[in-house]
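Note sheet for the following structure.
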Amino acid sequence: GAVHRCFTVDAGAEITCEANPGTVDQAKFGVLRSLGVNRLSMGVQSFQPAELHFLGRIHSVEDVGQAFATARKAGFDNINLDFIFGLPGQTEASWCDTLERALALAPEHLSLYSLIVEPNTPLFHWVESGSVPEPDEDQAALHYERAMECLAAGGYIQYEVSNWARRTGECRDDETPELASRHNLIYWRNDDYLGIGPGAHSHLRTEEGSVQVERRWGNRKPVPSYGKRMRAGDSVEDFAEEIAPPVGMGETMMLGLRLVREGVPLDRFTALHGRSLSDAFGTEVDRLCGDGLLTVDARRVRLTPRGLMVGNRVFAQFLPDN
Numbered sequence: 002g003a004v005h006r007c008f009t010v011d012a013g014a015e016i017t018c019e020a021n022p023g024t025v026d027q028a029k030f031g032v033l034r035s036l037g038v039n040r041l042s043m044g045v046q047s048f049q050p051a052e053l054h055f056l057g058r059i060h061s062v063e064d065v066g067q068a069f070a071t072a073r074k075a076g077f078d079n080i081n082l083d084f085i086f087g088l089p090g091q092t093e094a095s096w097c098d099t100l101e102r103a104l105a106l107a108p109e110h111l112s113l114y115s116l117i118v119e120p121n122t123p124l125f126h127w128v129e130s131g132s133v134p135e136p137d138e139d140q141a142a143l144h145y146e147r148a149m150e151c152l153a154a155g156g157y158i159q160y161e162v163s164n165w166a167r168r169t170g171e172c173r174d175d176e177t178p179e180l181a182s183r184h185n186l187i188y189w190r191n192d193d194y195l196g197i198g199p200g201a202h203s204h205l206r207t208e209e210g211s212v213q214v215e216r217r218w219g220n221r222k223p224v225p226s227y228g229k230r231m232r233a234g235d236s237v238e239d240f241a242e243e244i245a246p247p248v249g250m251g252e253t254m255m256l257g258l259r260l261v262r263e264g265v266p267l268d269r270f271t272a273l274h275g276r277s278l279s280d281a282f283g284t285e286v287d288r289l290c291g292d293g294l295l296t297v298d299a300r301r302v303r304l305t306p307r308g309l310m311v312g313n314r315v316f317a318q319f320l321p322d323n
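Here the sequence shown is numbered in this note's numbering, starting from 2 and rising by one per residue.
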C-alpha cells in the first residue's frame, strides 16, 4: 500500500486492525495477514446477550468465540479484546462472568472502558427521556475494582488506566509490559505521530530557529470528499492548530499519568518542554501528593491507587485554565 511505498516500515512494527466479531471470517483474516497486519483489536464489549442487545451490537456471544478461534487459526498471536462496564442493569455477577470468559480466551491484551453518555447519541436521548437510568458512578467504580482484582489474579498487568497486558515474564513495577499497545503508548507519552487517510489526526513538534513549535491537525472524514480533494491536488486538512506551551505541558501530564506504572518520567518532561516538571507544576504536584493522589520519586510522578480511582480529578489540575 501507500505506506509501504512512501515509508520504510520496521520489520518488527506493530500493525493493528480493528475487528468486529460479527463480520469477520477466515478469508478476511487471511487478507489482513497478507497485508502485514499482526495485531487485532476486537470490540467484544460484553459476554452477556442482554448487554450486547442494549449496546446495539450485531454479534452474539457465540460469534466472539468463533472469531477469536478463527483469528488464532489465521496466525494472529497478538489480540486485544475491548469491554464496557457501568452499563445500566449490569450487575457485579454479570460483569465478573464477562471477565472470566475473557480470561478463558487468554488474549494478549484487554481494554476496559466505563460507559460514557455522549451528547446527541441514542443513549443520551434515552437517559434524557428517563427510559434508561443514568450510569451509576459508584457501581462503575465497584466494577472497575473487581476488574483490577480479577485480571491481576489472571496474570494480567495493568499498565494504563483502562488497559491490561498479559504477563510474559518479569516486569518491574515501573516498567510497561512487553504486550502493551505500542500504538497507544505514543499517545500516552505525548509523542509525535503521523495520521494518514480520511479522519486521521497527526501531532508533530518541529524546531523553528531556537523555538520548538508543537502542532496537531486532522484530515477530512468523509471518504468521498477526501478522495475528491486528493485527486484535485487540494489540501485534505480539516483543522490545524498550534499548541501553546502551557497546553502542551498539561497534556503531557494528563496523558502520561494514565500510564499507571510508567507515569511521567521527570527527564522526559524536561526533554519535551525545556522546563523541569517541578518548575512547571510544582505547586499542583505537591498539593496532589499531600492529598494522597500522586506519588513522586527521583525518576517519575505517578498516580497512587487512590488517585487512580479519581483520575479525572487529578488530570484536571494540569489544565491551563484550572
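By construction, the Cβ of each residue, glycine as well, lies at the ideal position given by its N, Cα and C atoms.
Chain-order list of residues whose beta-carbon lies under 8 Å from that of residue i (same chain, five-residue window excluded)
i	result
residue 127	133
residue 168	156, 157, 158, 178
residue 222	199, 200, 239
residue 46	52, 53, 56, 58, 83, 84, 85
Inter-residue spacing [alpha-carbon to alpha-carbon] between residue i and residue j
i	j	result
residue 242	residue 216	6 Å
residue 156	residue 174	14 Å
residue 233	residue 275	41 Å
residue 307	residue 289	11 Å
residue 315	residue 124	27 Å
residue 245	residue 297	26 Å
residue 197	residue 109	27 Å
residue 299	residue 266	9 Å
residue 270	residue 81	29 Å
residue 248	residue 105	43 Å
residue 172	residue 107	19 Å
residue 67	residue 287	51 Å
residue 317	residue 213	25 Å
residue 75	residue 4	23 Å
Exposure of residue i, with buried meaning 16 or more beta-carbon neighbours within 10 Å
i	result
residue 24	exposed
residue 101	exposed
residue 161	buried
residue 99	buried
residue 313	exposed
residue 177	buried
residue 145	buried
residue 69	buried
residue 103	buried
residue 27	exposed
residue 22	buried
residue 262	buried
residue 325	One cannot answer for residue 325 here, as it falls past the ends of the chain, which runs 2 to 323.
residue 8	exposed
Same chain only: Cβ atoms within 7 Å of residue i, ignoring 5 sequence neighbours per side
i	result
residue 163	112, 113, 114
residue 149	159
residue 72	30, 41, 80
Cβ neighbours of residue i in the same chain (closer than 6 Å, five flanking residues each side left out)
i	result
residue 281	250
residue 264	301, 302, 303
residue 181	160, 166
residue 136	87, 116
residue 1	Here the chain covers residues 2 to 323 and nothing more, so residue 1 does not appear.
residue 38	16, 18
Beta carbon of residue i nearer than 8 Å to that of residue j
i	j	result
residue 188	residue 260	no
residue 153	residue 86	no
residue 191	residue 93	no
residue 83	residue 57	no
residue 42	residue 19	yes
residue 201	residue 185	no
residue 79	residue 34	no
Let me know the alpha helix (DSSP H) ranges lying completely inside the segment 52-99, each 4 residues or longer, listed in chain order.
-> 62-74
Of all the alpha helix (DSSP H) runs that stay within the bounds of the segment 164-235, which reach a length of 4 or more residues?
-> 183-189, 224-233
Please specify which runs of the beta strand (DSSP E), each continuous and at least 3 residues long, are wholly inside the segment 102-142, giving them in chain order.
-> 110-115
Which runs of the alpha helix (DSSP H) fall wholly inside the segment 225-311 and span at least 4 residues, in chain order?
-> 246-257, 267-274, 278-291, 306-310
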